[in-house]
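Enquirer: Residue numbers (the numbering used here), protein chains in the order written: chain A, 129 to 674; chain B, 24 to 136.
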């Protein structure tokens, strides 16, 4: 095995950092160079992520214990200094980030990367922060990576400027700054009690806490959980989400879809490490489940009442967060695999939806949407157009409109969880596993049925809301402008939808893989052992490592 | 010493939160700054309060935390200061942009009726 392979875990952080830093000095007239550099960087991240996936699942032969890669950043024996850890979940999240990054970058080259300065460097930095957050095994380092992608996201949320973006951005920045303070408070209390910031070591030391220390530890974990729940968009901490996400330009909003999943990832990761010693509130058990249900309910009500199509997607994200939180909050690991499948499917499709809504909005004539809304609200029927039907019927549907309509239709089906696409498989697997759980564990019967009912109702509400939105957007007679569709914008949409379809076709192998990932999460001992047993590389007198 | 520090942190967090809930952007940013100071002090305090204890090992002195100050919270607080400084600066830019676009310093960009 080559020496270079050991350095793979640092690359998803190093590549975007170096490329982003270089882009900062590129002048505006070299924008094409920046685009090419960006795409090369994202493709490289994708390749590294796939290689990491191969290693962590054992498909690429390696010598790592349980195939968990540990990278000692300062070459100090853990728990000292910072470690990066790549396990299956990290690798899957890295692949997802790289795919979304590639699609958003391609999409942005059609229009949005010219709407303001420093789009490309910020884009690389947001990827760097996301990759780092998925890889790090150190709590404070997690905070730092959170800040990196948040700082980049503040810039990107305002990209394109305009009153709506700046006003929504102000709220977004404020809420996330407060969340960061909560994160800092929690981390420092955890350090004060356990004397460690290494997540694996923290999980071990949590076992030996008792009395006052344990209570303080639980309080700190609760604060930590609140900080992550804010990122995940859990009710009642999510009122900023819809306006910020709908105000952001489409390629950025699509990346935000995965940012809200970083909160879920952090809850899952730290919850998994703390589980053997009795997971504190907010990470498992009653709290996460209840918050998840409330979030799902909030999203359902929101999607039903929302008229603005951009905010509609925001509520879809909230609903997916709610589903994930309530499913992961169930006291069993068998739901984790299907939850991860649901997460993949929902992240891919909500991102696509952001692109689509933006394209569809472009076709609407000025004020058309408002008119359609008021027509619906006041129930004043469309005037009888039968006299003019000749002018409407004989027209061929332009290709672009057909493409948008079809893509919207597939998206709506996936989000609502209707057959035959991946959303259906994800929800079906979740529900069937939940029902299995209620049969083996009688104590969970009520919560399982509540989850089933909530998920079915939310699916129903999604069908209604998206059906209504589709009718308003595609069949409204106010829309006059023919849609303009650039190939650079159609390609990412097609790619993401093809991935959704691939998820459907290869649901079996993907689900098997995700169950293995869930099993790895359920056994945090392997993670801890891998981190704490990893030995620093020996530096020979010639300077090379052995 | 602990009492004084905790009272100071409490007062700063209290006034910070009160300011955060105010409708003017300037009040919000001062609130955020106060809370960030309090958080920084808080991180510092998790390393135990000692006076005159060096964070670097000295020959002949037993290597327990009774004789030394914990260097890690100091490193953490430095990072936290830098990050909160940067984000506050960024926040100022957003505030100025909103002020310029909306001609008001209300956090929603429009005056409440």
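Built from N, CA and C at the ideal position, the CB exists for glycine as well.
Would you decide whether residue 189 (chain A) is buried or exposed? Buried here means 16 or more other CB atoms lie within 10 Å of its CB.
Expert: For this step, residue 189 (chain A) is matched to residue 61 along the first chain. Exposed.
Enquirer: Can you list, in chain order, the residues of its chain with a C-beta nearer than 8 Å to that of residue 401 (chain A)? Leave out the 5 residues immediately preceding and following it.
Expert: Here residue 401 (chain A) refers to the residue found at position 273 of the first chain. 327, 328, 330, 331, 652, 655, 656, listed in sequence order.
Enquirer: Does the CB of residue 33 (chain B) have a neighbour CB from chain A at under 9 Å?
Expert: Mapped onto the second chain, residue 33 (chain B) falls at position 10. No, residue 33 (chain B) does not count as interfacial toward chain A.
Enquirer: Please classify residue 42 (chain B): does DSSP put it in a helix, a strand, or coil?
Expert: Taking the first residue of the second chain as position 1, residue 42 (chain B) is located at position 19. Reduced to three states, the DSSP call for residue 42 (chain B) is helix.
Enquirer: Span of the beta strand (DSSP E) holding residue 200 (chain A)?
Expert: Taking the first chain and counting its residues from 1, one reaches residue 200 (chain A) at position 72. For residue 200 (chain A), the enclosing beta strand (DSSP E) covers residues 197-200.
Enquirer: Starting from the beta carbon of residue 104 (chain B), find every residue of chain A whose beta carbon is closer than 8 Å, and list them in chain order.
Expert: Taking the first residue of the second chain as 1, we reach residue 104 (chain B) at position 81. By Cβ distance, chain A contributes nothing, its closest Cβ being about 11 Å from residue 104 (chain B), past 8 Å.
Enquirer: Closest by CA to residue 291 (chain A), which one among A:257, A:371, A:393?
Expert: Position 163 of the first chain, counted from the first residue, corresponds to residue 291 (chain A). The residue with the shortest Cα to Cα distance from residue 291 (chain A) is A:371.
Enquirer: At the level of alpha carbons, what is the spacing between residue 582 (chain A) and residue 424 (chain A)?
Expert: As a working note, residue 582 (chain A) is residue 454 in the first chain. As a working note, residue 424 (chain A) is residue 296 in the first chain. In a straight line, the C-alpha of residue 582 (chain A) is about 7 Å away from that of residue 424 (chain A).
Enquirer: Just by C-beta distance, which residues in the segment 118-134 of chain B are closer than 8 Å to chain A?
Expert: So the close ones are 118, 120, 121, 124, 125, 130, 131, 132.
Enquirer: Suppose you measure from the CA of residue 244 (chain A) to the CA of residue 289 (chain A); what does that come to, to the nearest Å?
Expert: By 1-based counting over the first chain, the position of residue 244 (chain A) is 116. By 1-based counting over the first chain, the position of residue 289 (chain A) is 161. C-alpha separation (whole angstroms): 8 Å.
Enquirer: For residue 206 (chain A), which residues in chain B fall below 9 Å Cβ to Cβ?
Expert: Position 78 of the first chain, counting from 1, holds the residue named residue 206 (chain A). Contact annotation for residue 206 (chain A) against chain B: no contact, minimum CB-CB distance about 15 Å [criterion: below 9 Å].
Enquirer: Provide the residue span of the beta strand (DSSP E) that contains residue 214 (chain A), from first to last.
Expert: As a first step, residue 214 (chain A) must be located in the first chain, where it is residue number 86. Per DSSP, residue 214 (chain A) belongs to the beta strand (DSSP E) from 211-214.
Enquirer: Bridge partners for residue 326 (chain A) per DSSP, in chain order?
Expert: On the first chain, residue 326 (chain A) is found 198 positions in, with the first residue counted as 1. A:266.
Enquirer: Starting from the Cα of residue 485 (chain A), find the closest Cα among A:621, A:219, A:461, A:473 and give me that residue.
Expert: Position 357 of the first chain, counted from the start, is the residue given in the question as residue 485 (chain A). Per the Cα distances, A:621.
Enquirer: Take residue 446 (chain A) and list the residues in its own chain whose beta-carbon comes closer than 7 Å to its own, dropping the five residues that flank it on each side.
Expert: Counted from its first residue, the first chain places residue 446 (chain A) at position 318. The residues are 361, 366, 369, 423, 426, 427, 430.
Enquirer: In this structure, what does DSSP give as the bridge partners for residue 129 (chain B)?
Expert: Residue mapping note: residue 129 (chain B) aligns to position 106 of the second chain, counting from 1. DSSP output for residue 129 (chain B) lists B:47 as bridge partner(s).
Enquirer: Of all Cβ atoms in chain A, is any one closer than 9 Å to the Cβ of residue 50 (chain B)?
Expert: For the purposes of this step, residue 50 (chain B) is identified with residue 27 of the second chain, where counting begins at 1. Not one beta carbon of chain A lies nearer than 9 Å to the beta carbon of residue 50 (chain B).
Enquirer: Could you tell me whether the Cβ atoms of residue 632 (chain A) and residue 553 (chain A) are closer together than 9 Å?
Expert: Position 504 of the first chain, counting from 1, holds the residue named residue 632 (chain A). Position 425 of the first chain, counting from 1, holds the residue named residue 553 (chain A). Contact: yes.
Enquirer: If we call anything under 9 Å between Cβ atoms a contact, is residue 344 (chain A) one with residue 458 (chain A)?
Expert: For the purposes of this step, residue 344 (chain A) is identified with residue 216 of the first chain, where counting begins at 1. For the purposes of this step, residue 458 (chain A) is identified with residue 330 of the first chain, where counting begins at 1. No, these two residues do not count as a Cβ contact at 9 Å.
Enquirer: Counting only Cβ pairs nearer than 9 Å, list the residues of chain A close to residue 96 (chain B).
Expert: By one-based count along the second chain, residue 96 (chain B) stands at place 73. What residue 96 (chain B) touches in chain A: 316, 319, 320.
Enquirer: Rounded to the nearest angstrom, what separates residue 172 (chain A) and residue 185 (chain A) at their Cα positions?
Expert: Taking the first chain and counting its residues from 1, one reaches residue 172 (chain A) at position 44. Taking the first chain and counting its residues from 1, one reaches residue 185 (chain A) at position 57. Whole-angstrom Cα-Cα distance: 20 Å.
Enquirer: So, does the CB of residue 309 (chain A) fall closer than 9 Å to a CB anywhere in chain B?
Expert: Taking the first chain and counting its residues from 1, the one referred to as residue 309 (chain A) is at position 181. Closer than 9 Å to some Cβ of chain B, the Cβ of residue 309 (chain A) qualifies, so yes.
Enquirer: What separation, rounded to the nearest whole angstrom, lies between the Cα atoms of residue 228 (chain A) and residue 624 (chain A)?
Expert: Within the first chain, residue 228 (chain A) is the residue found at index 100, counting from 1. Within the first chain, residue 624 (chain A) is the residue found at index 496, counting from 1. In a straight line, the C-alpha of residue 228 (chain A) is about 8 Å away from that of residue 624 (chain A).
Enquirer: Determine the extent of the alpha helix (DSSP H) in which residue 560 (chain A) is found, giving its start and end residues.
Expert: For the purposes of this step, residue 560 (chain A) is taken as the residue at position 432 of the first chain. Taken as a continuous stretch (DSSP letters only), the alpha helix (DSSP H) holding residue 560 (chain A) covers 550-568.
Enquirer: If I'm right that residue 281 (chain A) touches residue 315 (chain A) with Cβ under 8 Å, what's the distance once you round it to whole angstroms?
Expert: Within the first chain, residue 281 (chain A) is the residue found at index 153, counting from 1. Within the first chain, residue 315 (chain A) is the residue found at index 187, counting from 1. That belief does not hold up - the Cβ atoms of residue 281 (chain A) and residue 315 (chain A) are roughly 21 Å apart, past 8 Å.
Enquirer: Please name the residue in A:325, A:600, A:576 whose C-alpha comes closest to that of residue 562 (chain A).
Expert: Reading the first chain from its first residue, position 434 is the one you call residue 562 (chain A). Checked all of A:325, A:600, A:576; the closest Cα to residue 562 (chain A) is A:576.
Enquirer: Please report how far the alpha carbon of residue 302 (chain A) lies from the alpha carbon of residue 378 (chain A), in whole angstroms.
Expert: Along the first chain, read from residue 1 onward, the residue named residue 302 (chain A) stands at position 174. Along the first chain, read from residue 1 onward, the residue named residue 378 (chain A) stands at position 250. Looking at the backbone, the Cα of residue 302 (chain A) and that of residue 378 (chain A) are separated by about 22 Å.
Enquirer: Residue 282 (chain A) versus chain B: which residues are under 7 Å apart at the beta carbon?
Expert: Counted from its first residue, the first chain places residue 282 (chain A) at position 154. Correct list: 113.
Enquirer: If I measure Cβ to Cβ from residue 461 (chain A) and keep anything under 8 Å in the same chain, skipping five residues before and after, which residues do I get?
Expert: The count along the first chain starts at 1 and reaches residue 461 (chain A) at position 333. Here the set comprises 646, 647, 649, 650.
Enquirer: Rounded to whole angstroms, what is the Cα-Cα separation between residue 90 (chain B) and residue 27 (chain B)?
Expert: Within the second chain, residue 90 (chain B) is the residue found at index 67, counting from 1. Within the second chain, residue 27 (chain B) is the residue found at index 4, counting from 1. C-alpha separation (whole angstroms): 22 Å.
Enquirer: Measuring straight from C-alpha to C-alpha, what distance separates residue 374 (chain A) and residue 152 (chain A)?
Expert: Translated into the one-based positions of the first chain, residue 374 (chain A) becomes position 246. Translated into the one-based positions of the first chain, residue 152 (chain A) becomes position 24. Those two C-alpha atoms are separated by around 27 Å.
Enquirer: DSSP three-state label for residue 688 (chain A), please.
Expert: Nothing about residue 688 (chain A) can be reported from this structure: the residues present for chain A run from 129 to 674 only.
Enquirer: In three-state terms, what does DSSP make of residue 634 (chain A)?
Expert: As a working mapping, residue 634 (chain A) is identified with position 506 in the first chain. Residue 634 (chain A): coil per DSSP, three-state reduction.
Enquirer: In angstroms with no decimal places, state the Cα-to-Cα distance between residue 513 (chain A) and residue 300 (chain A).
Expert: If you number the first chain from 1, residue 513 (chain A) lands on position 385. If you number the first chain from 1, residue 300 (chain A) lands on position 172. At residue 513 (chain A), the pLDDT of 49 sits below 50, so the modelled position is not reliable and the matter cannot be decided from this model.
Enquirer: Could you tell me how far apart the beta carbons of residue 144 (chain A) and residue 212 (chain A) are, in whole angstroms, since I believe they sit closer than 8 Å?
Expert: If you number the first chain from 1, residue 144 (chain A) lands on position 16. If you number the first chain from 1, residue 212 (chain A) lands on position 84. Not really, about 15 Å apart at Cβ, beyond 8 Å.
Enquirer: With a cut-off of 8 Å, do at least 3 Cβ pairs link the segment 162-178 of chain A to the segment 226-241 of chain A?
Expert: yes
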